[in-house]
Amino acid sequence: MNRIWRIIGQRLLLGVLTLFIISVVIFGATELLPGDLASQLLGQSATKETLDALREQLGLNLPAPIRYWNWLTGFLQGDFGTSMATKKPISELVGARLVNTLFLSLYAAALAVPISLTLGVLAALWRNSIFDRASNAVALTAISFPEFFVAYILILWLSQSGFFPSMVRITEATTTLNLLYMAFLPALALTLVVTAHMMRMTRAAIINVLASPYIEMSLLKGMSPMRVVLRHAVPNALAPIINVVAVNLAYLITGVVVVEVVFVYPGLGQLMIDAVTNRDIAVVQTIALLFASAYVLLNLIADVLSTITNPRLMHGR
Amino acid sequence: MEKPLLLNIRGLKIEGRSGDTWHTIVKGVDLTLHKGEILGLIGESGAGKSTIGLAAMGFARDGCRISGGTIDFDGIDLRRATETQRRGLRGKRIAYVAQSAAASFNPAHKLIDQYCEGPVIHGVMLREKAETDAVELFHRMRLPNPAMIGFRYPHQVSGGQLQRAMTAMAMACRPDLIIFDEPTTALDVTTQIEVLAAIRDIVSQFGTAAIYITHDLAVVAQMADRIKVLLRGNEVEEADTRSMLAAPRADYTRSLWAVRSFARVKQPPSTGRPIISVRNVTASYGAIDVLKGVSFDIHAGRTVAVVGESGSGKSTTARVITGLLQPKKGEVLFNGKPLPASFKARSRDQLRQCQMIYQTADTALNPKLRLRELIGRPAEMYLGLKGKALESRICDLLALIELEPAKYINRLPSELSGGQKQRIGIARALAAEPQLIICDEVTSALDQIVQEGILKLLDRLQGEFNLAYMFITHDLATVKSIADEVVVMQHGAVVERGSKAELFANPKEEYTKLLLSSVPEMDPDWLNRLLAARSNNDKSGRSTHSSV
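These protein sequence lines are chains A and B, in that order. Taking our numbering, the leading residue of the first sequence gets 1088, the next gets one more, and so forth. Taking our numbering, the leading residue of the second sequence gets 325, the next gets one more, and so forth.
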């Protein structure tokens, strides 16, 4: 067990380091954007004096390293700052949106992960069959279209005919069941986008393992093909499968921007786009760092799971 | 008295696919096996031994198909049977023991889970009963700590133990027939004996019939009642073990018997300054010392064989000499001058002087390069040859290794046989014009007849170029034929060293004696005699048994 804690510890430290580097990059990138909030707020009527005054008021006149330090220490204490455009605390703005985005991601993941793993296992079991080729073709077709196109196709087919709503409005009165119904189309669009990747990786990882001598051994012990795949191949193919699932889950959290916009879903992606348009740098930075954290955290979980599921790493000689 | 017939194969034909064409790999073989009988199948690689063994289970590997003949197992026609019927037999009435137990146990599950899978799925016994039964069989296979060993993962158990656990697993359903596919080929000689003895005992205790596949005549002589010799998918001859050993009828069988006839001319004792002198080298991977004060010399024109079990530090010594591993203590002298410990600090000329040939030419040759580049690169890099000079040097090297230059120079490694690939490995080493070549198990992956060719070639080249060889091997028969001096290693230390003749005739250390006595001999009573002798020794309190 000590091994696993050591690995988790190492990965956590690396994750923190990664996040630190990302925070520098995010801050640097936003610095490079032309114009700032002051010029955005004042618009055409800005004079040099009013701009300077506003900048001083907003703290924009301080040198970049100091502003970075203030931002970072604030962030670490849970104080994300105030949205300069709306004057609301960012935590308040982001909080509700984050919950919505996580809900949509989990919804899509709950559809996509079981579907793609099942399809991947079956495609490996019946490799080179009609089923294998058909599922492969469909998944590749889905992944080949841009997300917004998939979303519009779904709206055309499933919303115009009245099955599902094409817009998501979340109010106080929205029940979970209602939300599941309303968010079905965006979740489905995301599912279609990520399924192909996970399914093909699952299939490839299992087929790779199927060439091993221990697979032949299990066949020679009289095991059925299904048992051979599920009991003997899958446990040894877990590491690549876990990793591809983690990357796709991270994508579901961070890559939902376009889909959220199409379905007018009140998530982080929408908020980020609004913030970029308004030059609301603090909000952009917060969301970017949240997205980065999601990536780091999911990869950490994937690493740990890959380790736990590998007896050679878990149990010493 | 004739026992009842168990397996009756008639006119078996098996085809293998390469690209879009099918070619026959087993060309009409007959095979009969009675209950409780052991049949040895021998032949070189490509003879179709394993393919026939698997066909006896009604199984053909991917890319193979059984295309003709009948396979009758105890009244069941395996070719006509449905896949479900065949599956019902596999593991239950016909079991299989694979060559590499380390690769054939699933790394994701504990041994006991893999053991119990067969009996439980086939409905022979419940899990609890199977677990108790496993402990019993582990005990009979003389596994250490039989009650607990099942709860370990394959990577936590040594190769010899895994091979015995796999035999126990094959026994789980008390099958009528077990196919042993080279079960001891991957093991050290000292380990091999334990496994052979355990297999033979358990098979006779349960009266199980067996097909024992191997390329090692001496091994099959200990195990089989009858021997069938195969060559390229055809039967050469079959006879009971004693009469075949005494009087092989076919020329091919006689040539297999004669394979070990090659012997290097005895050299006068080496004198003068050695090419390489390993002085008191201690080296470690991490905290564990894998070499402990190793010292020996290699002289020009001489072959020093370094022998020992896997893990004894043979290859690590080579890594120290080549500078891939820096020793903690000690040094390596080249022509009397110390070599820098790391290859990075060595001059190009120092690097050139010491070349390596590896066990598996398949992985040691870049599959994307043609022979021209494979051999040409060291000649270009070390000797600065270019253009015409380089071309003619490559052709000379190919001629030296007895491959026709015009025909082979533009080939890829994949277009060569195993023996030819190993020859390319030799040519690549020669291209640098070294004084020392380290041969790391260079013949271990090859058939005996091919081995013979490689050994003769190495011997001839040594004479022509006055090369020094460090010959790492665990195969004592090879040592007998090629070495001038022998260094015996165990647990990272040199146990004994001396001239070949002296060491073989009069080994001083217990371990050397054990190692030498463990080499199977072409005598069906050898194993019995050896085991009897060793148990007498045990009784008299002088245990020479190694713990495996």
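Heads up, the beta-carbon is just placed ideally off N, CA and C, and yes, glycines get one too.
Apart from the 5 residues on each side of it in sequence, LEU1198(A) sits with its Cβ closer than 8 Å to the Cβ of ALA1274, LEU1275 and THR1278 in its chain, given in chain order. Chain B places a beta carbon closer than 8 Å to that of TYR1301(A), counting this residue as a contact. Going by DSSP, TYR1239(A) is part of the alpha helix (DSSP H) stretching over 1234 to 1241. Here DSSP, grouped into helix, strand and coil, assigns TYR1352(A) to coil.
Each residue's CA atom was taken as its position, placing ARG670(B) and GLN677(B) some 11 Å apart.
Here the alpha carbons of LYS661(B) and ARG701(B) stand approximately 28 Å from one another. VAL810(B) is positioned such that its CB atom lies closer than 8 Å to that of LEU827(B). Restricting attention to GLN516(B), VAL589(B) and GLN814(B), the CA atom closest to the CA of THR836(B) is found in GLN814(B). Using a 10 angstroms sphere on the CB of TRP1158(A), the tally of other CB atoms reaches 16 or more, which defines it as buried. A contact is defined here as three or more CB-CB pairs under 8 Å, and the region 556 to 563 of chain B meets this definition with respect to the region 367 to 383 of chain B. Going by beta carbons, ARG747(B) and ILE718(B) fall outside the 8 Å limit.
Among the CB atoms of chain B, one or more fall inside 8 Å of the CB of PRO1322(A). Restricting attention to THR514(B), LYS416(B), ILE333(B) and SER428(B), the CA atom closest to the CA of SER636(B) is found in THR514(B).
Taking CB atoms only, TYR420(B) has a neighbour in chain A less than 8 Å away. Unbroken alpha helix (DSSP H) stretches of 4 residues or longer found wholly inside the region 1135 to 1177 of chain A: 1135 to 1145 and 1151 to 1163, given in chain order. Only those residues of the region 359 to 390 of chain B whose C-beta falls short of 9 Å from the nearest C-beta of chain A are listed: LEU378, MET381, PHE383, ARG385 and ASP386. Against chain B, the CB of GLY1309(A) has a partner CB under 8 Å away; the residue lies at that interface.
Look at ARG1290(A) here: in three-state DSSP terms it is helix. In the DSSP assignment, TRP346(B) forms a beta bridge with ARG341(B). Residues are counted here when their Cβ sits less than 9 Å from a Cβ of chain B; for the region 1268 to 1288 of chain A the count is zero.
Nearest neighbour of LEU1129(A) by Cα position, chosen from LEU1119(A), MET1285(A) and ALA1172(A), turns out to be ALA1172(A).
Excluding its 5 nearest sequence neighbours in each direction, LEU1206(A) has C-beta neighbours in its own chain below 6 Å: SER1222 and MET1286, listed in chain order. Residue pairing of ASP564(B) in beta bridges, as defined by DSSP: ARG550(B). Taking LEU1212(A) as reference, the option from GLY1146(A), HIS1319(A) and PHE1271(A) with the minimal CA-CA separation is HIS1319(A). Taking C-beta separations shorter than 7 Å and ignoring five residues to either side along the sequence, the partners of VAL1383(A) in its chain run GLY1102, THR1105 and LEU1106, following chain order. Between PHE1350(A) and VAL1200(A), the CB-CB gap reaches or exceeds 8 Å. Within the DSSP secondary-structure output, PHE795(B) pairs in a beta bridge with ALA629(B) and CYS763(B).
By the C-beta criterion, the region 1148 to 1162 of chain A is judged not to be in contact with the region 1340 to 1357 of chain A, since fewer than 3 inter-stretch pairs fall below 8 Å.
Burial of GLU1303(A) is indicated by the presence of at least 16 other C-beta atoms within 10 angstroms of its C-beta. CYS763(B) has its alpha-carbon roughly 16 Å from the corresponding atom of ASN790(B).
Here GLU728(B) has no same chain residue with a Cβ atom under 6 Å from its own Cβ, once five neighbours each way along the sequence are excluded.
Residue-level contact by beta carbon fails for PHE667(B) and chain A, as no gap is shorter than 8 Å. Considering only VAL444(B), ARG566(B), ALA665(B) and ARG573(B), the residue with the shortest C-alpha distance to ARG603(B) is ALA665(B).
Within the same chain, Cβ atoms closer than 8 Å to the Cβ of ILE1360(A) are found at VAL1344 and VAL1348, the five residues on either side in sequence being excluded.
For the 8 Å CB-CB criterion, THR797(B) and LEU779(B) do not form a contact. Taking a C-beta distance under 8 Å as the contact criterion, ARG550(B) and GLY393(B) do not qualify as a contact pair.
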